[in-house]
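Start counting the first sequence at 125; every next residue gets the next number (this note's numbering). No residue lacks a Cβ here, since even glycine has one placed at the ideal position from N, Cα and C. Take a look at the structure below.
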Amino acid sequence: MTDISITLYKGESASVPVGTTVGEAISTLLSNKQRKRTVAARINDSITDFTTPLTEDVTLTPVQIGSDEAFDILRHSTAHIMALAVREIFGPDIKIAIGPSIENGFYYDFLRTEPFNPEDFDKIETKMEELVRQALPFTRTEIQSSAAISRFDAEDEKYKVELIRDLESDTVTLYQVGDFTDLCRGPHLPNTSFIRAFKLLRVAGAYWRGDENNDVLQRIYGTSFFDRKELKKYLNALEEAKKRDHRKLGKELELFTVKEDIGAGLILWQPKGAQLRRLVEDYWKDEHYRHDYDLLYTPHIARQDLWKTSGHLDFYNENMYAPMDIDGIAYQLKPMNCPFHIGVYNNRKRSYRELPIRWCELGTVYRYERAGALHGLLRVRGFTQDDAHIFCRPDQLEDEIFNILELNLLILKTFGFDQYDIYLSTRPEKYVGSDENWDLATESLKLALEKKGLNFEIDPGEGVFYGPKIDIKIKDQLGRSWQCSTIQVDFNLPERFHLSYIGKDNSEHQPIMIHRALMGSLERFIGVLIEHYAGVFPLWFAPVQARILNITDDQFEYCEKIFKLLRQGGIRIEKDLRNEKLSYKIREAQVNKIPYMLIIGEKEKENGTITVRLRDGKNLPPMTASEFIDKVADEVREGRGI
RNA sequence: GCCCACGUAGCUCAGUCGGUAGAGCGCAUCCUUGGUAAGGAUGAGGUCACCGGUUCAAAUCCGGUCGUGGGCUCCA
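Below, the structure written as structure tokens:
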């Protein structure tokens, strides 16, 4: 038998017989301690598990506990163990679909007539523990697809058969753990002893292959870690996220509500939420004015013909609400603001000298969302976009995109977001506009991103039919990602509405249109802000900046006086002059996450001062009302980055 | 829209086997006037989401509708 050479990436090498498995190679090359941390190996670009035999000279990079790849393998293997446990408990009548690893965990889809319930979870988890303890090996076999089909056919595993048929490959790989054999590409853990901490989290319905015409399967979600502490940490993080849930905080802090009798997905802003929203809006308008945008206001409904011209009736109809009859003419609620801005553009002839035109609007739109998609402020049926449309010449496109990116990042940063994932989506299969225009626009988007020094990923073919786009997903305090900003080039509407400007050559040209929303929708953005800040808003957009707390009724009048002074001084102020103990009022102000508590007792009344208590419990030296006003103004200016 | 779970006071929740409803917080009144995270007493407050059915009797069982949650799908 011939020998082959195995080399460890940046390390040892050895000569071993052909057919040596990856696992054996790892044992040869790595110390015992290192080996225990190794779950697979990377060869070239693919990850291979221990059972794979080696046939030629290779360089191995161990995949070790702690890496993303290792988690992937762990969770995938845990999914198999769960499937094995489910099979052992509920028998072969349960059909299995797919069970991949996902971000932070895994799932497995099953077809079963009765629903899984929490008691089942206990049973399944107990069974899994039992299986894991046996240190069962995962064994890999490669077999002919036809053999695999007849095998799964015999077991009546129709999903597996369908998968193999669709693979259109001569051979497939099977993985066996215990008595459970699954069609699977792998790789898997060497054995189940690596699975040290796992938890089943929830069960949900899911269509086979995500298609609602297919069977509804039951999906069990779970997560898995290499040690118990990490699992505990993760579960704590889930708890933390629950505490920050904007729906919970929205209720507790009286920011917004949704009423069944008013309608699902329709937000009522309570005074404090409205204040928060006003502050976001004012900042947004100021910043846009500073960046040479002009503000528009447009109506909520328009004649149906407008939506015919814009193409929304053809392409967006399923998201639009039914028309209403007004004096025999059909009108529809707007799902987008663009046709209205175009109406302003087309109000008169435009010269090339006017371009670029930048018009922005906090425009409230209504879109039909399926009932099951609605979610707090994050997915609603009526929402306000921080919309803008830029009409420009082709030679201005790149600069305009660059300017938008600058404003975009500035606004995000002001609200405390400085981490994002950026995607550039290119031409899809079905599209309108010329190839040259698409190339120009795509190139402009790319150059602008590069000029701004931003890393981005290209999403090939994911652009909208009317033009390429940039999407920015922001990351919040907990590292969760939210789609907010979008910048889209549009060749379609200028064509449909015959937009034009008179060029230097005295002939008509078509402008390019850019749609962009930076916060996306105010509802969603504020929802994300609530979770990002856990309801503890910075002073500059805290709905209530300070609350006056008196110590006894004797300071009642002095408190009223201070209250008036501060309110006139522009402080968002409240007073709590109830007949309660100071500590009681402090607790409540703390729970309400109010930045400053202004404590007023006999001392303050005599000296004409207030005592400022911070959220962290510290007190500032006594100051006068006007000193406090100045202090707040300074901090607000700083917070807004002015 | 689909699958599963849920809907009881303003909020958070309890309510057994079907016998007409309870707590804490909040609110009101009174006592207390207390200096940095909950002082005490009394009281008001419910069409048990809505509609229908079964039953002598429904918060409880059944059906439908609406809403909420976890997902699928879609997306700002």
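Asked, Found
"Evaluate contact between the stretch 485–495 and the stretch 537–552, counting only Cβ atoms and requiring at least three cross-stretch pairs below 8 angstroms.", "no"
"Look up G496 in the DSSP assignment and say whether it is helix, strand or coil.", "helix"
"Whole angstroms is fine: what's the gap from F752's alpha carbon to D758's?", "10 angstroms"
"Taking Cβ to Cβ, would you say L313 is nearer than 9 angstroms to I197?", "yes"
"Near Q520, what residues of its chain come up, given a Cβ to Cβ distance below 7 angstroms and the 5 sequence neighbours on each side ignored?", "L479 and P480"
"Between I171 and E193, what straight-line distance do the alpha-carbon atoms span, to the nearest angstrom?", "8 angstroms"
"What number of angstroms, rounded off, separates the C-alpha of S191 from the C-alpha of A165?", "12 angstroms"
"For I582, which of helix, strand or coil comes out of DSSP?", "strand"
"Measure the beta-carbon distance from A556 to F589 and round it to whole angstroms, keeping in mind my assumption that it falls under 8 angstroms.", "A quick correction: the sequence has Val, not Ala, at residue 556. Right, their Cβ atoms sit about 6 angstroms apart."
"Whole-angstrom Cβ separation of A641 and D511, contact assumed at under 8 angstroms?", "5 angstroms"
"Can we say the stretch 275–285 touches the stretch 246–255, given the rule of at least three CB pairs closer than 8 angstroms?", "no"
"For a test of the three-state rule: what should DSSP assign to E485, helix, strand or coil?", "strand"
"Per DSSP, Y345 forms a beta bridge with which residues?", "Y231 and R326"
"Using a 10 Å radius around the Cβ and a threshold of 16 neighbouring Cβ atoms, would you call I213 buried or exposed?", "exposed"
"How about the stretch 260–267 and the stretch 291–307: do they share at least three Cβ pairs that are nearer than 8 angstroms?", "yes"
"Just checking my contact of N315 with L260 at CB under 8 angstroms: how many whole Å lie between their CB atoms?", "6 angstroms"
"Which residues does DSSP list as the beta-bridge partners of T265?", "L298"
"Here's the rule I'm using: 16 or more other beta-carbon atoms within 10 Å means buried, otherwise exposed. How should T729 be labelled?", "Here the sequence assigns Lys to residue 729, which means Thr is not the residue at that position. It is buried - the Cβ of K729 has at least 16 other Cβ atoms within 10 Å."
"Could you tell me the distance, in whole angstroms, from the CA atom of R620 to the CA atom of I650?", "34 angstroms"
"Rounded to the nearest angstrom, what separates A272 and L307 at their Cα positions?", "8 angstroms"
"DSSP three-state label for Y547, please.", "strand"
"Measuring alpha carbon to alpha carbon, tell me which residue in R764, G763, R761 and I724 is nearest P745.", "I724"
"With distances taken from CA atoms, which of D429, E560, I466 and F439 is nearest M448?", "D429"
"Output needed for V807: all residues of its chain with C-beta closer than 6 angstroms, excluding positions within five of it in sequence on either side, in chain order.", "Residue numbering for the chain in the displayed model covers 125 to 766; residue 807 lies beyond these limits and cannot be assessed."
"For the stretch 634–661, which segments carrying the beta strand (DSSP E) assignment without a break, of at least 3 residues, lie completely within its bounds, in sequence order?", "636–645"
"I need the DSSP call for C462, collapsed to helix, strand or coil.", "helix"
"Can you give me the C-alpha to C-alpha distance between I189 and I130, rounded to a whole angstrom?", "22 angstroms"
"Where does Q692 sit, in a helix, a strand or coil, going by DSSP?", "helix"
"Please give the ranges of any alpha helix (DSSP H) in the stretch 169–229, keeping only runs that are unbroken, at least 4 residues long and fully inside the region.", "192–214"
"In three-state DSSP terms, what is M747?", "strand"
"Report the option in N716, S750, E712 and Q669 whose CA atom is closest to the CA atom of L403.", "Q669"
"Rounded to the nearest angstrom, how far is the Cβ of I710 from that of L722, given a contact under 8 angstroms?", "Contact flag wrong, Cβ pair sits at about 11 angstroms."
"Should T433 and E485 be called a contact, given that it needs their Cβ atoms to be closer than 9 angstroms?", "no"
"Short of 8 angstroms in beta carbon distance, which residues of its chain neighbour Y657, apart from the five on each side in sequence? Order them along the chain.", "G540 and Q601"
"CA-CA distance, N156 and P186?", "13 angstroms"
"Closest to P667 by CA distance: which of R517, E698 and R505 is it?", "E698"
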